[in-house]
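Reviewing the structure listed below.
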Amino acid sequence: MLYNWLYPFHTEYSFLNVFRYLSFRIIYGAVTAFLIAFVLAPWVIKKLQEIKLGQQIRADGPQRHLAKSGTPTMGGMLILFAVVLSTLLWADIARPYVWLVLLAMLGFGAIG
């Protein structure tokens with residue numbers, strides 16, 4: 006989205022020409038996804054613990070696994086959110102393959 010918004014101004018502002026480079030958008034997309042996940046993780050973990058959405062431990066499993074009871078298990082949801090948001094910000098959303106990959110990723114995320 007940033008590519009589609011900012012790149013058309015590269016004729017007036019030459020520094021915006023970097024949005025044309027795929028490597029620039031990949032690096033900043035990865036950094037953005039990391040920062041989103043890093044900033045939101047404490048809040049998400051706290052909310053998951055408040056609603057008691059945690060891992061259920063089998064009684065017949067190893068005894069040392071009982072200490073992990075109640076550990077929040079929806080961290081993948083946070084990672085998925087961060088990657089999708091970062092992709093929407095940094096990818097060229099006019100390309101159909103971007104949407105195909107996003108739909109596939111969301112589909113696999115829904116499966117679990």
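Numbering of the sequence shown is given in the numbering used here, commencing with residue 6 and proceeding in unit increments. Just so you know, even glycine gets a beta-carbon here, dropped at the ideal spot from N, CA and C. Bear in mind the structure is a predicted one, so any value in this text is a computation, not a measurement.
So, using beta-carbon positions, are residue i and residue j closer together than 8 Å?
i	j	result
ALA99	ASN9	yes
ALA16	LEU94	For the sequence presented, residue 16 should be read as Thr rather than Ala. The answer is no: Cβ separation not under 8 Å.
LEU85	GLY117	no
ARG25	TYR33	no
LEU53	MET79	yes
VAL103	ASP97	yes
How should residue i be labelled, buried or exposed, when 16 other C-beta atoms within 10 angstroms of its C-beta is the threshold for buried?
i	result
LEU83	buried
ALA87	buried
ARG30	buried
Is residue i helix, strand or coil by DSSP?
i	result
TYR12	helix
LYS51	helix
GLY114	helix
ARG30	helix
MET79	coil
Point to revise | Given 8 Å, three or more beta-carbon pairs between the region 37-51 and the region 78-92 | key: yes
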